[in-house]
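Residue numbers (this note's numbering): 85 to 808. We treat Cβ as the ideally placed atom computed from N, Cα and C, and that holds for glycine. This report concerns only the one structure given below.
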Amino acid sequence: MRNVHGRLGRIATLSLSLVLVGGAFAQGRGAAFDQRRAEVVASAAGRPLASARAGGPAQTLAAFLQSRGRDAASVGALRTAETRTGARGMTHLRVEQSVDGLAVYGAYAKAAFDASGNLVHLIDRLSRVPAAALAPARIDAQEALRVALARLHPDAQASLRPMSTAGNTTVFEGGVFFHEAPTVTAVAAPLADGTMARAWLVSTWSNARNLLNHTLVSGDGEVLKVELRTASDSYNVFPVDPGKGPQTIVNGPGAGNAQSPAGWLAGRSEKNTSISGNNVAAYLDTDHNNRADAGGTKVTGGNFLAAANLAAQPATAVNQAVAVQNLFYLNNRVHDILYSYGFNESAGNFQVDNFGKGGAGADPVSAEAQDGGGLDNANFATPADGSKPRMQMFLWTGPLPTHEVVVSAPGINATYGAKGAQFGPALTTTGLSQAIVASSPADACATVSAAVSGKIALVDRGTCDFVTKAQKVQAAGALGMIVANNQGGTDTFVMGGTNRRVTIPSVMISQNDGAALRSLASPKNGTMRLKAVQPLLIDGSLDSGVVYHEYGHGLSWRMIGGMSGPLAGAIGEGASDGVAMLINGNDKMGVYAGSSPNGIRRFPYAGYPLNYGNVTGAEVHDDGEIYAAVIWRLIELFPADTGRANLFTYYVNGMNFTPSTPAYEDMRDGILAAVAVGSNPGDRCTIWSAFAQFGIGVGASGVVNPDGITVTITPSFAKPGDCP
Ligand SMILES: [Zn+2]
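As structure tokens, this is what we get:
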């Protein structure tokens, strides 16, 4: 917005809709803009298109164009717009055309020359320039602005007073309607019939909707072309998660930005439950068939603006649309961030179109919102470059029980909150009523000797997995299983696992409730059932930390290679937490999804108490915490903004220097190698100090034992002698 010279009050503004007869100039004279696509001329392997000429790349290009039949006037109209030096000594030349002192609108060529000056690649979108002078325009610049505004903003209150002219460009007053004063530039316009004519290029930028338009108006007053330079796709999203701030409308970057040259959105006709773009296809997959669910409503214009109702279940139509638009946004955001730090096409990133920049395309992320395949988790599968990875975001059950166990024993009636299991049949609100008998052995990891046949077996968590316990008590004839947690006091969670041979239902009650149930006098009869009123589920697609973590798996798999096994698998988990922390600057993971103020890891990463010596090989997320703790320490040590950007660069580029299936010290060395090729070699000791603090110092080593399961860790807290 600008108030030119403070004189706005005295300047006549006019309502264009009153002044102009709508469309008076817009139709009917036949001239059309030349919409040809650029022609790409690539050299056959090893053979340049043209040999170097004396006089350099511009001369080489001119001669080549003439050899392809370009006339002298068109070649003579070339002007060098940009010369860049690229990789391996290549020169990238961009030329445009001008005629009668006017730029030819839309005409350009991009030519690449090898280190010897030979032309090896050409993108040709040049126009045929007439030898004779162009006829004068019939309208002036002010009239051209009037025509453009009548098309774009017919109700605008605009001042068409010319303020200044420099070269071919006139600046107009505009007024408060505009973000910047409108300009009109005299140009030459190539037309579809092969002729060329004087025209006006009108640039307008509105305040209210941030609409930046370039409108090409012919010398006869016809609108030849309107280019909207504002990304019009918009998304109503939780930028971090619903606990960290409200939904906010953000715009996609539109075409032409460095990270997503085609913008985020593929088409203008998408559904609110299925949105596709070059980087990700996000869709609802409640039926877990790995395809977009049927239904949804069409969204035209690229505006995904559903407003969440967090007091309602995620399964409501509006909240499903919110999940998909949020997941689409978060995937694009992490794509663009990681791209800027080096996870680009040649590094194997995830895109439909790689724009000729290396790597294999056709592999956008398939991001499945509210995936019906599980609860309280998320996952990411990374196939080879050129195949689509899949991100599955589950719903989370929150802290409140979904099930209950109602017990009547001599002298007492009690109700215990519970959570269900992913295996076995689902319980109804009627549920299963039977006598409750404690298993022997209590953990039901071996053949059950207690008389649980026809009863509900009470089992302790621990030693073996939940499916094994279910199979053991089922084999002893039990009709249902109650698992008592063995840690966490009041905690319960959905028991994971799959096995179609489990035919009995199971629930988990808390450690405290398990002790209470055990202490009740027998006989005790109980009912295990689904609660009639279900607590609100929580949508993982709204938790950016979870989405970034999952995407981080794709980053480490594609850039490092194998990330499986007890050590590399743990590093993959920790490195994924690292991606989320580097973006969000938050040391706690899954606070929103996991309904846990300290997040879903054992400790917050600030002041993390464990080190490399605590890595056991038993559980990748637990062991991964130690790697993530190093990354958090580095985030603390690299101050915000420039330091963080440098760290992020080391983090991503370091993966280029890291062997497949790494140990923790391999990750350290990769990051150190990235520092060595960076511009701040002094960061080396900072990297060492964070790793050494967590036992990954000089001489530290981690080895996966021959069993492939256990690990031998030698921690070291030493830094190199030259690091303070
Ligand atoms: Zn993970």
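- Item | Distance CB(A283)-CB(V183) smaller than 9 Å | Taking the first residue of the sequence shown as position 1, residue 283 is located at position 199. Taking the first residue of the sequence shown as position 1, residue 183 is located at position 99. Their beta carbons are not under 9 Å apart, which means A283 does not touch V183 by this criterion.
- How would you label N410, buried or exposed, when you count the other beta carbons within 10 angstroms and need 16 or more for buried? Numbered from 1 along the sequence shown, position 326 holds the residue referred to as residue 410. Buried, since its Cβ has 16 or more Cβ neighbours within 10 Å.
- Would G805 be called buried (16 or more neighbouring beta carbons within 10 Å of its own) or exposed? Residue 805 sits at position 721 when you count from the first residue of the sequence shown. With fewer than 16 Cβ atoms within 10 Å of its Cβ, G805 is classed as exposed.
- Message: Considering just the uninterrupted stretch of the beta strand (DSSP E) at F464, what are its terminal residues?
- Response: Position 380 of the sequence shown holds residue 464. Note, F464: beta strand (DSSP E), A462 to A465.
- Count the other C-beta atoms from every protein chain shown that fall within 10 angstroms of the C-beta of P681, then say buried if there are 16 or more, exposed otherwise. Residue mapping note: residue 681 aligns to position 597 of the sequence shown, counting from 1. So P681 counts as exposed.
- Query: Is any heavy atom in ligand 1 found nearer than 8 Å to the beta carbon of G656?
  - Reply: Residue numbering aside, residue 656 sits at position 572 when the sequence shown is read from its first letter. Checking every heavy atom of ligand 1 against the Cβ of G656, one is found closer than 8 Å.
- Item | Exposed unless 16 or more other CB atoms sit within 10 angstroms - verdict on Q571 | Taking the sequence shown and counting its residues from 1, the one referred to as residue 571 is at position 487. Within a 10 Å sphere around the beta-carbon of Q571 sit fewer than 16 other beta-carbons, which makes this residue exposed.
- Item | L203 versus P214, A225 and A126, residue with shortest Cα-Cα distance | Mapped onto the sequence shown, residue 203 falls at position 119. Comparing Cα-Cα distances from L203 to each of P214, A225 and A126, the minimum goes to A126.
- Item | Same chain only: Cβ atoms within 6 Å of R113, ignoring 5 sequence neighbours per side | For the purposes of this step, residue 113 is identified with residue 29 of the sequence shown, where counting begins at 1. Low confidence applies to R113: its pLDDT is 48, below 50, so where it sits in the model is not reliable enough to give any reading.
- Message: Following a CB-centred definition, is H705 positioned closer than 8 Å to any heavy atom of ligand 1?
- Response: Reading the sequence shown from its first residue, position 621 is the one you call residue 705. Yes, since a heavy atom of ligand 1 falls inside the 8 Å radius drawn around the Cβ of H705.
- Can you give the beta carbon distance from G636 to G669, rounded, assuming they're within the 8 Å contact cut? What you label residue 636 is simply residue 552 of the sequence shown in a count that begins at 1. What you label residue 669 is simply residue 585 of the sequence shown in a count that begins at 1. Rounded, the Cβ-Cβ distance is 15 Å, inconsistent with contact.
- Indicate whether F687 and S590 have their beta-carbon atoms separated by less than 9 Å. Start at 1 with the first residue of the sequence shown, and residue 687 comes out as number 603. Start at 1 with the first residue of the sequence shown, and residue 590 comes out as number 506. No, the pair does not count as a contact, with Cβ atoms beyond the cut-off.
- Message: Our contact map puts G658 next to Y711 with C-beta atoms below 8 Å; I'd like the distance itself, whole angstroms only.
- Response: Reading the sequence shown from its first residue, position 574 is the one you call residue 658. Reading the sequence shown from its first residue, position 627 is the one you call residue 711. Yes, they are in contact, since the Cβ atoms of G658 and Y711 sit about 3 Å apart, within 8 Å.
- Query: Alpha carbon to alpha carbon, what distance is there between A468 and K382?
  - Reply: Indexing the sequence shown from 1 puts residue 382 at position 298. Indexing the sequence shown from 1 puts residue 468 at position 384. Rounded to the nearest angstrom, the two C-alpha atoms are 33 Å apart.
- Message: Spatial neighbours of N695 within its chain, please: C-beta separation below 7 Å, excluding the five flanking residues on both sides.
- Response: Sequence index remark: in the sequence shown, residue 695 carries index 611 (1-based). Around N695: I710, F778, G779 and P799.
- Message: Tell me which residues share the same chain as G573 and place their Cβ nearer than 7 Å to its Cβ, disregarding the 5 neighbours each side in the sequence.
- Response: One-based indexing of the sequence shown puts residue 573 at position 489. Excluding residues within five positions, the ones whose Cβ falls inside 7 Å are S594, Q595 and N596.
- Message: Nearest by alpha-carbon distance to A378: which of I755, T370 and Q150 is it?
- Response: Counting from 1 along the sequence shown, the entry for residue 378 is found at position 294. A378 has its Cα closest to that of T370, out of I755, T370 and Q150.
- Taking A136 as the reference, which of G201, G442, F464 and V231 has the closest Cα? Taking the first residue of the sequence shown as position 1, residue 136 is located at position 52. Out of G201, G442, F464 and V231, G201 has the C-alpha closest to the C-alpha of A136.
- Compute the beta-carbon to beta-carbon distance between I684 and L479, rounded to the nearest angstrom, for a pair I have assumed lies under 8 Å. Residue mapping note: residue 684 aligns to position 600 of the sequence shown, counting from 1. Residue mapping note: residue 479 aligns to position 395 of the sequence shown, counting from 1. About 15 Å separates the beta carbon of I684 from that of L479, a gap too long to meet the 8 Å contact definition.
- Item | In chain order, each beta strand (DSSP E) run of at least 3 residues that lies wholly inside the stretch 157–240 | Runs of the beta strand (DSSP E) inside the stretch 157–240: 162–169, 175–183, 186–197 and 203–209.
- Straight-line gap, L516 to K539 (C-alpha atoms, nearest Å): Against the sequence shown, residue 516 aligns to sequence position 432. Against the sequence shown, residue 539 aligns to sequence position 455. Answer to the nearest angstrom: the Cα atoms are 10 Å apart.
- Reference G440, options G385, V449, N428 and A451, closest by Cα: Mapped onto the sequence shown, residue 440 falls at position 356. Nearest C-alpha to G440: N428.
- Message: Closest to E749 by C-alpha separation, out of A652, Y689 and G766, would be which residue?
- Response: Along the sequence shown, read from residue 1 onward, the residue named residue 749 stands at position 665. The candidate whose alpha carbon is nearest that of E749 is A652.
- Confirm the yes/no value for this check: CB of N463, any heavy atom of ligand 1, distance under 8 Å. What you label residue 463 is simply residue 379 of the sequence shown in a count that begins at 1. Answer for N463: yes, Cβ within range of ligand 1.
- Message: Suppose contacts are defined by Cβ-Cβ distances below 9 Å. Is S523 in contact with L542 by that definition?
- Response: Here residue 523 refers to the residue found at position 439 when the sequence shown is read from its first residue. Here residue 542 refers to the residue found at position 458 when the sequence shown is read from its first residue. Yes. Within cutoff.
- Say the cut is 8 Å; is the CB of S660 nearer than that to a heavy atom of ligand 1? Stepping through the sequence shown from its first residue, residue 660 is reached at position 576. In terms of side-chain proximity, the C-beta atom of S660 is found nearer than 8 Å to a non-hydrogen atom of ligand 1.
- Item | W641 in three-state terms, based on DSSP | By 1-based counting over the sequence shown, the position of residue 641 is 557. Looking at W641 - three-state DSSP - the assignment turns out to be helix.
- Could you tell me how far apart the beta carbons of I667 and M751 are, in whole angstroms, since I believe they sit closer than 8 Å? As a first step, residue 667 must be located in the sequence shown, where it is residue number 583. As a first step, residue 751 must be located in the sequence shown, where it is residue number 667. The beta carbons of I667 and M751 sit about 19 Å from each other, so the pair does not count as a contact at 8 Å.
- Query: What residue range is occupied by the uninterrupted beta strand (DSSP E) comprising A272?
  - Reply: The sequence position of residue 272 within the sequence shown is 188, counting from 1. Counting along the chain, the beta strand (DSSP E) containing A272 begins and ends at F262 to P274.
- Is any heavy atom of ligand 1 found at a distance shorter than 8 Å from the C-beta of E354? By one-based count along the sequence shown, residue 354 stands at place 270. No; taking the cut-off as 8 Å, the Cβ of E354 has no heavy atom of ligand 1 nearer than that.
- For ligand 1, is there a heavy atom less than 8 Å away from the beta-carbon of E429? Counting from one through the sequence shown, the residue named residue 429 turns up at place 345. No, since every heavy atom of ligand 1 falls outside the 8 Å radius drawn around the Cβ of E429.
- Pick helix, strand or coil for T499, following the three-state DSSP scheme. Sequence index remark: in the sequence shown, residue 499 carries index 415 (1-based). Note: T499 maps to strand in three-state DSSP.
- Task: Starting from G610, follow the beta strand (DSSP E) in both directions and report where the run begins and ends.
- Result: Walking along the sequence shown from the start, residue 610 turns up at place 526. That run of the beta strand (DSSP E) goes N609 to L614.
- Query: Which whole-angstrom value is the C-beta distance of V489 and A505, which I expect to be below 8 Å?
  - Reply: Walking along the sequence shown from the start, residue 489 turns up at place 405. Walking along the sequence shown from the start, residue 505 turns up at place 421. Wrong, their Cβ atoms sit about 13 Å apart, outside the cutoff.
- Message: So the candidates are A462, G646 and G482; which of them puts its Cα closest to the Cα of R474?
- Response: As a working mapping, residue 474 is identified with position 390 in the sequence shown. Nearest of A462, G646 and G482 to R474, Cα basis: A462.
- Task: Rounded to whole angstroms, what's the CA-CA distance from Q343 to R545? Just pull it up for me.
- Result: Taking the first residue of the sequence shown as 1, we reach residue 343 at position 259. Taking the first residue of the sequence shown as 1, we reach residue 545 at position 461. One C-alpha to the other measures close to 48 Å.
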